[in-house]
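The structure under discussion appears below in the form of structure tokens.
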Amino acid sequence: MNYWPSLPCNLQECQEPLFDYTSSLSVNGTKTAKVNYEASGWVVHQVTDLWAKTSPDRGQAVWAIWPMGGAWLCTHLWEHYTYTMDKDFLRNRAYPLLEGCASFLLDWLIEGQGGYLETNPSTSPEHMFIAPDGKPASVSYSSTMDMSIIKEIFSEIVSAAEVLGKSEDALIERVRKAQPRLLPTKIARDGSIMEWALNFEDPEVHHRHISQLFGLYPGHTITVEKTPDLCKAADNTLYKRGEDGPGWSTTWKTACWARLRNSEHAYRMVKHLFDLVDPDHEGNFEGGLYSNLFTAHPPFQIDANFGFSAAVAEMLVQSTIKDLYLLPALPRDKWASGCVKGLKARGGVTVNICWKEGDLHEVGLWSKEQNSFKRLHYRGATVMANISNGKVYTFNNKLKCIKTCSL
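Add 98 to the 1-based position in the sequence shown for my numbering, that's all there is to it.
Printed below as a string of structure tokens:
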């Protein structure tokens, strides 16, 4: 979450330490994959440290046994490419790490019931369920977060291979064969997204984590355009989880509501994050802000401060490499007028956007490195835009280009 705003807020250079650290983890992670699992590739568990620890940690399985840490980190690699379109970075830094990550995941998957590829053992971070014998448990198989992260990595390495001309590689062929066999995301009887492969009783429905929504945000396997049924289930999941939780939980929920294009609830979560917290009277996992604007966990945890920036950016601009959605979750009656400059969209496009009386006023788009073809979307209207590098294009609220000038 600390790195979520680096790309949409146009601070991509701030990701360099993350990639350096991920590279160092892959070295120890290769040993852990071989020693602990007799697997290829590399793996990182939930806990790491300055010395690049990658093995399972001590303690309860509910948080100590989770071999998806390295895979989650690797999602940042492809995201970095989609925002910067830096093919050298993709070839020399990202792809070798993605190869090792995907290799481990292929070895980690097993064939389960119905021929699906699944993970076992599996946990959902820091959350437990009620087992059939009525006792609390945390270890099952194929948690939704496990499967969501694997789907992201497989999709990303296939896309990266296409960009780099490696689509015929043996590893990519294995990934392609595995993709349709991955266990699908399931919807529970109450209409929410299941957190585990089995419909276990949840002893804490308002739990702070929303791990089962990884595919919605920061992932991309749940989208308004392609998976409306899962989006409805994600909506139900957020209602079920409620609004309470530490600051980082609040900002994650804000980003999820924004992805669902639900401006009302995204704004409610923003307001909730700004609840003033008395440092002398803290409750358990209460969110909000201290008077110095540090976010409460409690105590202070910086994740929410960074995650908040990413969530607000998501309310104002959403994108794929080919699509740009303007003001998709703007609370029009609350933020009636405003302007933001220098946001970044996927495809390498920088965005300035202004709105008045709840409606788009104008948007400026430019790319410094390469030409970019974009479908611009605003309130049901769609137009094609060819953004040539070195020029600024200004569009009005009808998405008509009204001005072009050189950078």
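Glycine residues also receive a C-beta, built at the ideal position from the N, C-alpha and C atoms. For clarity, every value in this text was computed on a predicted model and none was experimentally measured.
Taking only three categories from DSSP, how would you classify residue i?
i: Trp355; result: helix
i: Ala276; result: helix
i: Tyr315; result: coil
i: Val261; result: helix
i: Ala295; result: coil
i: Cys503; result: strand
i: Phe392; result: coil
i: Phe404; result: helix
i: Phe372; result: coil
i: Ile308; result: coil
i: Leu387; result: strand
i: Ile320; result: coil
i: Leu148; result: coil
i: Leu512; result: The requested residue 512 does not occur in the structure, where the chain is confined to residues 99 to 505.
i: Cys107; result: coil
i: Asp244; result: helix
i: Gly345; result: helix
i: Val303; result: coil
i: Met99; result: coil
i: Lys249; result: helix
i: His143; result: coil
i: Leu428; result: coil
i: Ser361; result: helix
With a 10 Å radius around its C-beta and 16 neighbouring C-beta atoms as the bar for buried, classify residue i as buried or exposed.
i: Lys442; result: buried
i: Ser236; result: buried
i: Trp464; result: buried
i: Arg477; result: exposed
i: Ser104; result: buried
i: Glu467; result: exposed
i: Leu424; result: buried
i: Met367; result: buried
i: Ile228; result: exposed
i: Pro106; result: buried
i: Met413; result: buried
i: Gln567; result: Outside the displayed span of the chain (99 to 505) sits residue 567, for which this structure offers no information.
i: Asn360; result: buried
i: Leu336; result: buried
i: Ile500; result: exposed
i: Asp300; result: buried
i: His304; result: exposed
i: Asp333; result: buried
i: Lys275; result: exposed
i: Glu177; result: buried
i: Val447; result: buried
i: Asn403; result: buried
Could you give the first and the last residue of the continuous beta strand (DSSP E) run that contains residue i?
i: His475; result: Ser470 to Tyr476
i: Val415; result: Val415 to Ser417
i: Leu422; result: Asp421 to Leu424
Within the continuous alpha helix (DSSP H) that includes residue i, where are the two ends?
i: Asn484; result: First-last for Asn484: Ala479 to Ile485, but that is the beta strand (DSSP E), not the alpha helix (DSSP H).
i: Val490; result: Segment Lys489 to Asn494 is the beta strand (DSSP E) holding Val490; no alpha helix (DSSP H) there.
i: Cys466; result: A quick correction: the sequence has Lys, not Cys, at residue 466. Run containing Lys466: none; DSSP gives neither H nor E here.
i: Gly127; result: Glu114 to Tyr135
i: Lys330; result: Pro326 to Arg339
I'd like to confirm the pairing. Which residues does DSSP put opposite residue i in its beta bridges?
i: Ser238; result: Ser220
i: Arg452; result: What sits at residue 452 in the sequence shown is Cys, not Arg. Bridge partners of Cys452: Cys437 and Glu460.
i: Val447; result: Ala443
i: His225; result: Ser222
i: Leu281; result: Leu281 pairs with nothing; no bridge assigned.
i: Cys398; result: Reading off the sequence shown, one finds Phe at residue 398, where the question assumed Cys. Per DSSP, Ala394.
For this session: Just list the alpha helix (DSSP H) runs in the stretch 163-208, keeping only unbroken ones of 4 residues or longer that don't cross its boundaries, in chain order.
Result: 167-182 and 193-206
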